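Residue numbering for the sequence shown is 3 to 190, as defined by the working numbering.
This report refers to the structure that appears directly beneath it.
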Amino acid sequence: TGPGFNPNYLNAYNNLAVVLMQQGKLTEAEVCCHRALSLTPHSADAYNTLGNVFREQNKATEAFACYQHALELEPHFPEVLNNLGNVLKDQGKLSEAVAYFQRALAFSPNLVEAYNNLGSTLKEQGMVEEAIGYYRRSLAINPRADIHSRLLFNLNYLAEVDGATRFSEYQRFETQYATPLASSIQAL
Numbered sequence: 003t004g005p006g007f008n009p010n011y012l013n014a015y016n017n018l019a020v021v022l023m024q025q026g027k028l029t030e031a032e033v034c035c036h037r038a039l040s041l042t043p044h045s046a047d048a049y050n051t052l053g054n055v056f057r058e059q060n061k062a063t064e065a066f067a068c069y070q071h072a073l074e075l076e077p078h079f080p081e082v083l084n085n086l087g088n089v090l091k092d093q094g095k096l097s098e099a100v101a102y103f104q105r106a107l108a109f110s111p112n113l114v115e116a117y118n119n120l121g122s123t124l125k126e127q128g129m130v131e132e133a134i135g136y137y138r139r140s141l142a143i144n145p146r147a148d149i150h151s152r153l154l155f156n157l158n159y160l161a162e163v164d165g166a167t168r169f170s171e172y173q174r175f176e177t178q179y180a181t182p183l184a185s186s187i188q189a190l
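Okay, structure coming up:
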């Protein structure tokens with residue numbers, strides 16, 4: 003830190019990188035991450051964002067290295083643990099991914115994305131009943147149509163779930179998401 007150093011620039015570069023990434027401008031996002039890290043080389047947030055950029059660029063090795071470095075800087079960073087789980091899941095290392103999602107939830111029990119990722123990974127491992135439980139936990143924290151849709155899809159894999167239970171869940175989905183969406187579309 004020298005004269006005129008403003009630590010808020012780190013946040014500005016990091017936030018700009020996130021926006022650029024959302025716009026699909028991955029090269030520009032990467033440049034912003036590197037600029038943020040040149041200002042504050044010990045920023046777990048900046049390494050996490052750079053890892054996200056690399057993951058979007060399908061550079062799993064680089065993403066994993068960034069997430070690992072972020073975790074070295076901040077060992078209890080739940081979003082990083084979740085992101086490490088995603089990289090491992092992408093690589094087909096499902097058991098390892100599950101462990102990272104569970105660690106993320108140990109540090110942040112309301113991290114919806116970790117519940118959702120854990121559910122989808124368990125489903126891939128054939129543990130549908132457990133996956134459904136994690137989707138339900140995710141919905142209890144933050145009701146979202148995409149997660150509820152995954153729950154409905156997975157209910158079809160369990161023979162012990164009767165038609166009335168499925169129908170009830172579909173009605174809940176319709177009431178919470180489909181009907182309000184249809185109304186807003188009609189209002190246009």
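Cβ atoms here follow ideal geometry from the backbone N, Cα and C, with glycine treated the same way.
Treat the numbers as computed from the prediction; the structure is a model and nothing was measured.
- For residue 96, the closest of 34, 122, 166, 169 by C-alpha to C-alpha distance is 122.
- The beta carbons of residue 50 and residue 72 sit closer together than 8 Å.
- With three or more CB-CB distances shorter than 8 Å, the segment 157-174 counts as touching the segment 129-141.
- Burial is judged here by how many other beta carbons sit within 10 angstroms of a residue's own beta carbon; residue 11 has fewer than 16 and is exposed.
- Only buried fits residue 47, as 16 or more other CB atoms lie within 10 angstroms of its CB.
- In the structure shown, the three-state DSSP call for residue 121 is helix.
- Minimum Cα-Cα distance from residue 75 among the listed residues 45, 129, 32, 91 corresponds to 45.
- Sixteen is the threshold: since fewer than 16 other Cβ atoms of the shown chains lie within 10 Å of the Cβ of residue 144, the residue is exposed.
- Using a Cβ distance threshold of 8 Å, residue 120 and residue 105 do not count as a contacting pair.
- In the three-state reduction of the DSSP assignment, residue 115 falls in the helix class.
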